[in-house]
Structure formats: C-alpha cells, structure tokens
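Worksheet for the structure shown next.
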Amino acid sequence: MNQFCKLPAWLRIAVALAFLAAAVVIGIRGRPSVVLAVVSLVLLAFGAWHLSRLRALMLLLILIPLLIGLLLAGLDWHHPFLARYSAGLFSVIAVLLFMDAVRIEEWIELLRRNSERLHLQDVSPVLIGTAVGIISLSAGIQEQRACRKLAGIYRWRAKSRISVFLDSMSLPFYSAVESHEFIDEALHRWSSRRRSQEEPSQATAYSEAEALSDLTFGNSIFAARLIDVYGFPHFGDVIQALSTSPHFAAPWEEALAGLAKGSAALEINARTGELTRRLLLAGLSVTVTEGIRAFREGFRAIQQEYGSNLIIVAGLSPGILPGGFDCVFFYKNAFLEAINEMEPGALLKRLFALSKPRARIFFAYPALQNVAAEGTILAGNIPGIGDIHYQYAGYERTGDMAKARLVYTVKREHDCYNVRVPLNFRAPELPSILLAAEEAGFSHRTSGMPQTVGSFLTDQIFVELGKPC
Amino acid sequence: MERLFQLTGPNGCGKTSALRRIGESPHLMSTLLHLPQFAEPPVRTSAVGFQAGQNVVFSRKVRSLLTVPLVFAGLTVGEANVRLESILGQFNFGYLLNRDYLTLSGGERQFVALFSCMLSDVDLYLLDDPVVMMDQERAAKILWVVKEYFADRSNRRCAITSVRPADYAGLHMANVVRLGYSPDLCDCLEKFDTLLASLEAIRRPWSEVLLESVTISPFGLALIREQSERFQSDEIVLITGANGAGKTCLLHALAGIERPGSGSIALLEAELKRQPPIVGKNCVYLPQQFLNLVGFETISEELGTTTAPRWWRQILEVLFDWRILHPELRVPESSLGERHFCNILAALSALARDPAVAVLLLDEPDSGLDELHCGLLTRIFHWLAKQNYVVAVVTHRPHLYYQGGATTACVRELTVADQRLVPGKAAAG
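What follows is the structure in structure tokens.
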C-alpha cells in the first residue's frame, strides 16, 4: 500500500531532501508550480499523504501572524489589517490549492487524521509544497519590500508604529495575492475554451443586462455627492440647454415681477441660464461670480454700491451665505444642493438669521435631479449634445437620506459617455421642509408648477418662504 | 477601425473593472456600454493583457510566462512555442524570450503582458492601456503591432483601455466609451494655480547634486560612462531616454541607492558640508508604478493631513474638497492610477514633513495618470523647484512638465543615450 514506507530510512530521507532541494532550486529559477505538481503526484503514487503534527504546525505557522495581528489590534476584528490579512491568506491558500489540486487531498487528510506517528514521508509533501509556494510568492514580496525600502517609506509615516508594522506585514502579502490576475486570466481562458463549445444565448445576455443594470464601475466607496454631477460629461451643457428653454414657469415670472426695479442680483456659478436673462430683462444689475472668494468680493462691492435690495441667485454653498439680503432664488437644483451641504433645519435658520425683514426665499420641489425617486430623470435628444439618459437605479430611502446608483449616459454617434456611480444624498419630503421653515420663523406659500421644459420634467411645486416684518 | 473599441476615462473611473467585465460577459457589457458591434458576431473566447504585467508564480522566464496561457487555452507546449517564435519574431521582440521577467523594465513587462494576450487565438482581445509605460518609439511600434495584427483578422475584435486617448490616435478607433467623470480640467488647474500662488513660501537654502565622472554599471553592464552633470535647485531636470537605457539606474545613483562604478555623487547645500545623497535622509525617491507605498488606513489618515505642514495641508484639503481624491480612499484597494497618484502624494508628504530633505527624485510619475492628475502634479513640482528643492524626474513624456501654471520654474531635459547624458532642450520659467 505504501511503497514509500517500505524503502530504507536513509533512502526516504534522501528522496525527500532531493525533492526539497530540487523544489527550492527550480522554484527560484524555473517553474515552481510544475515542480510542485510533479512532486505531489509522485508522492501521491507512493501513498505518502498522511496527517502529521508537522502539517498541523505548518498551518499554525501560517495562522500565527493573524493571531499576533489580532492581539496588536486590541482584539478588534474590524481592524483593516485583519480583514486584509485574512483575505490575503486564504486567497493564497486557494491559489495554491488550485495550482496543485492534489493538495486538496492533503487538506482533507489534515482534517481527518490527527494521531498518526510522525514519519518523514508525512512531512515531505507539505514541506516541499510550502517551500515552493513561499518561494514563488516571495519573488513578488521581495520586490515590494525592496521598493518600499527604497522609498524610505518608514521614515515619514504619520501613523503609529504598530499600524506601520501591521502594514509592513500585510501589504506585501496583499500585493502578491492581488497580482494573481494572471492566474485568473489563465482560468478564464480555460473556462472560455469550454464555453466556446456552446452557442451563447442572446436572450440570457439581455436578461443578465437587466439584472445588472445597477452595476457601478470604479471605486465603490467613491459615492458621489449631488454637486459632483456638474463634473459629469456635458451635464453643464444639458442643464444649460434645459435652462434656456423658452418655457419659463409662471410662478417664477410672478416672483420676478415682485422685485423692486434697480435691485442688484448676485449669482454664483452661472448655472441658472434663463433666470439670469429674465433678471436682466427686469432691469436688474446682475453680477455672476465663480468661486467663494469672487462671490465674497462681489457681495462687498454690491453692498457698497447699492446698499439694499440685494437678491442672491443660488447655487451657492450655504456656508458662504452673506447677511443682509432681500431675496434668494434657489433655481433648478440649488435648494437640494444646499440642503445636502447643510441640514434643512440649520439652513433655514441661517437664512432667517441672515436675511432682512420681509425677505423672501423661492425654490421648486422636487428639484430637477430628484424628480423621479427611482428610474429615469432625464431622457431624450438634446440638439448638439446627443441622446441623454439620466436615471437612478437601486434607489433606497432611509428617513431623509436616499441612496441610489446613478447611471448617466450621453450617446453621440460612435462616442458614448457612461457614468455609473453610487450616490448618497439628502432628499427630505416637502412637508418636513415646510415644517422646518415654520420652526425657523418663515411663513410659506405653495403653488403648482406644470412641466417647465418639455418632456424632461414632471410637475413641480413652487415654494415661497416669507420672513415677517 | 470598426473592430477596435476604446474605453477611456479619468483615473479610478473603472476602466480595468469594465474590461474584466467585458471578458466575463461580452453580451451583457455590449448592452450596458451601448456597443452592439461588440457582441456581434458572438464572442466565444477572450483574452486579457493586464497593465500590471504578469505574475511569476508559474515561472520567471518570459518564454514560460507566455506559453502557459496558451497551454491553458488548449495548445500543446510544442504548438505554443511555435506560435510564440513566429509572432514575436515577426515583430522583432524575440530577444525578450530568454530574459528573467523580474529583470525587465516597466515598459518591457508591458510587452510581455501585451503579447501574452495577443498570442492567444480568441474572438476578443482586451488590452489594459498597453503603451502607458512605453517611450514614444516603442509605443508607436506597439500600435503598429496591434494594427497589423488586426488588419487581416476580420472576425477579431479588440477593446483597449486608455487614460490618455491621444496615445492611441494612430489606431483610428471608431468606437469610444468614456467612463466616469472628473472636475473640469481648466477650471481645476486655474484654481490650483491660484492656490499655489497664495501658499506661504518655504524657500529652502540653495542646493545642488553634483555628478563627477560617474560611471553606472549595474549587473556589469555599463549604462552611463564617465559623465559629469549638475542638478540644481530652482529647476526641474527631466531625464529621458529609451526603455532600458539606464534612466532608473541614474536615479538610483542620485538617491544613493546604487553606488557608481567610478566617480562621485555629492549633495551640496548652502552652509553645509558636501554630503552623499541618502534616500530617506536628504532625498525622497519614488519608484515606478506597481507597488503599494501606502497602507490600509484611509488616505487622509495615511498622509496625516491634520498634522502636516500648513502648505501641504492646504494642497491636500483642496484635492479632497474638489474630489480629485476621496479622503476615505483605502489605497491598496484602489485602481492602479489612483494608487500611483497616492504613492506620489506619499513621497511629497515625506518631503513636506522632513526639513532635511533637499532632493525629490521621481521615476515616471506621469505614467498611468490622467491629464488632470498630471497637471496638478507638475504644478506642485514647479512650486517645489521654486522653493529650492532639487527636482529630477524620469519621464517618457517631457512635454507634460513645461506647464507649471502660475509658479513656473526652469525645465531642463537630459537624455540617457549611448552611455552618455546628452543635454536636451531647456525652457526658462
């Protein structure tokens, strides 16, 4: 049964040592995995697959860094080191298992047997396998460590010594595992060779597409802010195109009509388009500023020149709101953006505190970006830009907070812009906003506002907040 | 060409993940990316050529690295070798076959990754930015290889990711998918210029690195022979040259990592004695891509934003505020480009924290970075040069460094060729 055991002891030792030496030499110079497979097959043929204390010891040796890490991390299972080290460790084991399928048997043995007398043949497979595995991984690890040393990386770290130590243990391991994409690719080619024998089903592909329509690319922790959408390709052009639409809702017209002639308007970030034009037509002096510093300078200049009757056209960050204004227009998305930078109650209290008596605040609800809680927000062709599709997928709501996967596509002939990002934003219901306004001291009036820009928007509610005398 | 597709976008937008997804399910991705031509006729097999190169678990020999995937794909070893010889011979890359992978330069590793993919006989080839680490000459050759390879294969399709679409203009790709988003380039750079102009000056004392009759011969191969040169503060020196010419070795010598075979290298600083450059002591060195310098804490914590010197904190805050970089990013899990950018920030953070550092040495900091990240970095380098740091950069794209924005320092090119340091053009700030 076990031919290997029948050999003289010195021969067994010689064979095992020869395997070990060959594995180490070829591991450094050649094809460790091939050697590993051959050695394992030979040993399997001799029936030399037994559980041993040493095998158990090897497993412990692999696990010891994890245990030390756990102690150093103050038994905090959520410490980044532990998660990554464990992931790295078990990925390495998985990779080694794949590379040497025979070793699976060894692991099974490890679980089943635990009281055999120690023989050299028990030790040799795991010793050789581990030696070769470590050598093959160490090439990548050595390179990583050398580079880190070259960069003098330990000298400047702002972190604690323990944290740096944990990094120095886990990073090379993690990187070595991470670079196994080559193996993934080999596996993929192997599986696609099998797959190619079958005709792919178009119907399956399309049902998959539906199921995965909320797929995001890139870094998943990179959840976008609402204001980030202005960085989307052509988004500014899209908003501009919608804003310069000839349709201008009646409630906004009425709000403009109520402005005193000769007032000064200060607009930040030039996103309002048509509203600015209407303000100019109404005989107001409009100053458009870019950035916080310019806004503050513009505000000071206007205050000196006009003294009163100051109208702010936002989008602006509520943090830079100046005092002494008569009116604020939160046009398009501006109010939603503002309450995403400052909680609605706090924003409304700030507006109340900084505004003059009888000041008025105007905004539309829901905002352009929040028209549809789920599904398509904008879709259609905009001349000069292309086919736009802007939607929320996988929309979830917890209290005032909304989570969505945002899918934004602009298609123009052979060019396609595709943004798929997670988006977290505050989107409170209108009653809670009005309640916060009341608590801040504002009175409020609402009126219906039908579609403003063709097929893109559903109905909105126009909201006017008034500060008492 | 109708059968070549380009996936482009800023760093961290998910180009490589999309490429992987395409490999896994081409039909699904053709729907999501609005590329019907991608899936028709049906894709049965695909192969990926990764930007980060190959893993050496199977072997360190280039020949074995290239044959293993073919064997996985169903060829015998003999057939794989024949295909290898014929295709690499056709494009004059046969000399790589017997090299040890770990001794290859970054550009040469990319060759191996590219050929590992293109040797396979599949329906769809997926190439992850195959020229990102190449000098211009080799990049042009690679594009020629790709063009030739697909010219007579009517049913083959190829998707290429790129961080700089202009690099692939020669392929005339008809279908372009732009993934992700980033802030407006001009707007951002303009604001960043304003920030740098407003930073409090930290003018260090004058310093220079002096090379006297230096010979650099790693592995017994003379790359630079008896050359003398000065690297002064208040200028950016761009070290250029072909792949394998010895640019990185020169940088190693400047950092004191590698001793020159003959001659001497010294750092001279005002009021200080002549001293050798020592990495981590008086100079900061950034190696090439493909490594993790930064740990698993968030990037904000790793760089110690709250305790950093004021000028560096201001720069970091702006990068975080404008979403150039997410402060919660855990770097080892991010994309290759983001990781590289964070590595550069780590090196700059080292420089900012240590007043003894006088020299900044960077090995291809622009490789794999998009236009915005590159623009921001070059502006920081110019600002540092103006503060009297000695700045030397190895690059294949010197033109990127001539735009310093509001604080432009002098830029000088130095080419490593034929064992000499050949002065190139110089531009005054």
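Chains as they are written, first to last, in the working numbering: chain A, 1 to 469; chain B, 470 to 898. We put the CB at the ideal spot given by N, CA and C, even for glycine.
By a beta-carbon distance limit of 8 Å, A:L275 contacts A:F329. Their separation comes to about 6 Å.
The DSSP-derived three-state label of A:P357 is strand.
Three or more pairs of CB atoms, one per stretch, sit closer than 8 Å, so the segment 690-705 of chain B contacts the segment 840-855 of chain B. Pairing B:Y754 with B:A816 gives a Cβ-Cβ distance under 9 Å.
By the neighbour-count definition (other C-beta atoms within 10 Å, threshold 16), B:A827 is a buried residue. Contact note: B:P652 reaches chain A through G231, using a C-beta cutoff of 7 Å and chain order. Closest in alpha carbon position to A:F352, among A:F363, A:G323 and A:L215, is A:G323. Assignment of A:F235 by DSSP, reduced to helix, strand and coil, places it in the helix class. Between A:L406 and A:P233, the alpha-carbon positions lie close to 14 Å from each other. Buried is the label assigned to B:E677, since at least 16 other Cβ atoms lie within 10 Å of its Cβ.
In the three-state reduction of the DSSP assignment, A:H389 falls in the strand class. Put simply, the CB of B:A666 is far from chain A, with every gap to its CB atoms at 9 Å or more. Within chain B, the residues whose beta carbon sits less than 7 Å from that of A:Y417 are R647, listed in sequence order. For B:H503, at least one C-beta of chain A is nearer than 9 Å to its own C-beta.
Ranked by Cα distance from A:T376, the options A:K349, A:E343, A:C416 and A:H389 are led by A:H389.
Beta-bridge partners of B:N644 (DSSP): B:F474. Straight-line measurement puts the Cα of B:D832 at about 19 Å from the Cα of B:C879.
Put simply, the segment 732-749 of chain B does not touch the segment 881-893 of chain B. Fewer than three CB pairs are less than 8 Å apart. Assignment of B:T864 by DSSP, reduced to helix, strand and coil, places it in the coil class. With a 10 Å radius around the Cβ and a threshold of 16 neighbouring Cβ atoms, A:L71 comes out exposed.
Considering only A:A346, A:A241 and A:G231, the residue with the shortest C-alpha distance to A:G386 is A:A241. Within the same chain, V600 and D636 come within 7 Å of B:A608 by CB-CB distance, once the 5 residues on both sides are set aside. Within its own chain, the residues whose Cβ lies closer than 6 Å to the Cβ of A:A437, once the five positions on either side in sequence are excluded, are L348, H444 and L465, listed in chain order. Put simply, the backbone Cα of B:A735 is about 18 Å away from that of B:K716. Taking the beta carbon of A:K411 as reference, the chain B residues within 9 Å of it are H503, listed in sequence order. Boundaries of the alpha helix (DSSP H) around A:P431: L430 to A440. Judged by DSSP in its simplified three-state form, A:L423 adopts strand. Checking the DSSP bridge columns, you'll see A:G375 partnered with A:Y392. The beta carbon of A:N418 is closer than 6 Å to those of T409 in its chain, skipping five residues each way along the sequence. The shortest CA-to-CA distance from A:I227 to any of A:I239, A:Q460 and A:M449 is the one to A:I239. Cβ proximity to chain A below 7 Å picks out A643, N644, V645, V646, R647 and L648 from the segment 616-648 of chain B.
Secondary structure note for A:M449: its beta strand (DSSP E) is the uninterrupted segment S443 to M449.
Close to chain A, meaning a Cβ-Cβ distance shorter than 7 Å, are the following residues of the segment 485-499 of chain B: S486, A487, G492, S494, H496 and L497. Taking a Cβ-Cβ cut-off of 8 Å, B:R607 has no neighbours in chain A, whose nearest Cβ is about 22 Å from it. Taking 9 Å as the cut-off, the Cβ atoms of B:R808 and B:V763 count as close.
In terms of beta-carbon proximity, B:R472 stays away from the interface with chain A, with every pair separated by 9 Å or more.
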